[in-house]
């Protein structure tokens, strides 16, 4: 029988590539999306539009335990890949509350829902190199102590520890990856690397009217 996978954050860079990979392995792939995504599919679903005929999408919120339970009861996943998050470090300084609420509460509610409905499901949490923060050694590895220096990083450390807690307390298969920066054509334009590369592409193609390096000196 086909294995069933559920991906949160399926519309993002990593989620879209993961969906392609799992489909190539013969999986039945489901994704959790915010309901607002269905109202603006051209903008919000562009990374997975070539997969829409092969995957099943479910509207839910990471901040709604009931909606997550509803999805899990329908899908009964064998594997769950938790990639969804407020993922912009700079924004986490501007809005600490929503970052903590989405990233910590969302991870907790998903783990709790899995424990209740699909305790045998294998769970993967996408951590971040930001968890190391002010690292005292380089390169970092799994034994390097965490020293988070942003709300985003704090939320990821907490998610990492929630996985450890559920693994040890409830004997669930819950593991974490520690992801460093990685780029692709599907990287969000909000990230600085994409801002740079997209501007370079526009200049090369002649689409940029002007490259602004700063104010022009005034001649007196």
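In this note's numbering, the protein residues as written are 43 to 262.
From the three backbone atoms N, C-alpha and C, an ideal C-beta is built for every residue, glycine too.
Of the candidates 170, 62, 118, the residue whose Cα lies closest to the Cα of residue 193 is 170. Here the region 135-152 does not lie against the region 89-97, with fewer than 3 beta-carbon pairs under 8 Å apart. Inter-residue distance for residue 128 and residue 247 is about 33 Å (C-alpha atoms, whole angstroms). With respect to the 8 Å criterion, residue 103 and residue 145 are not classified as neighbours on the basis of their beta carbons.
Under DSSP, the beta-bridge partners assigned to residue 217 are 166. DSSP, read as helix, strand or coil, puts residue 124 in strand. Residue pairing by DSSP leaves residue 57 without any beta bridge partner.
Of the candidates 208, 164, 154, the residue whose Cα lies closest to the Cα of residue 123 is 164. Between the region 219-227 and the region 168-187 there are three or more C-beta pairs closer than 8 Å, enough to call the two in contact. Beyond the five residues adjoining it in sequence on each side, residue 204 comes within less than 7 Å, by CB distance, of 149, 150, 153 in the same chain, given in chain order. Counting along the chain, residue 201 sits inside no beta strand (DSSP E); it lies in the alpha helix (DSSP H) bounded by residues 193-212.
Exposure of residue 213 is indicated by the presence of fewer than 16 other C-beta atoms within 10 angstroms of its C-beta.
Nearest to residue 189 by alpha-carbon distance, out of 181, 199, 53, 50, is 199. The C-beta distance from residue 72 to residue 47 rounds to 7 Å, short enough to meet the 8 Å contact threshold.
Burial check for residue 191: the Cβ neighbour count within 10 Å stays below 16, so the residue is exposed. Contact between residue 78 and residue 100 does not hold, since their C-beta atoms are separated by about 14 Å, which reaches or exceeds 8 Å. Classified as buried, residue 156 has 16 or more neighbouring CB atoms from the shown chains inside 10 Å of its CB.
A direct Cα-Cα distance of roughly 46 Å separates residue 216 from residue 245. Less than 8 Å divides the Cβ of residue 89 from the Cβ of residue 53.
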